[in-house]
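Numbering (our numbering), first residue to last: 14 to 52.
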């Protein structure tokens, strides 16, 4: 989803769930093992 109402131009939202509780960080574009990504 692209949000065109942001103050700095378009912003891409990223939906991801089922991330393990112990996960401390995500690198750009990285999907943790077992996590699911929305479309």
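Cβ coordinates follow ideal geometry from the N, Cα and C atoms, glycine included.
Check: Quick one, are the C-beta atoms of residue 39 and residue 45 less than 8 Å apart?; Outcome: yes
Check: Helix, strand or coil for residue 27? Go by DSSP, reduced to three states.; Outcome: coil
Check: Pick from 36, 18, 33 and 28: whose alpha carbon is nearest that of residue 51?; Outcome: 28
Check: What is the DSSP secondary structure of residue 18, counted as helix, strand or coil?; Outcome: coil
Check: Out of curiosity, what's the CA-to-CA distance linking residue 31 and residue 20?; Outcome: 30 Å
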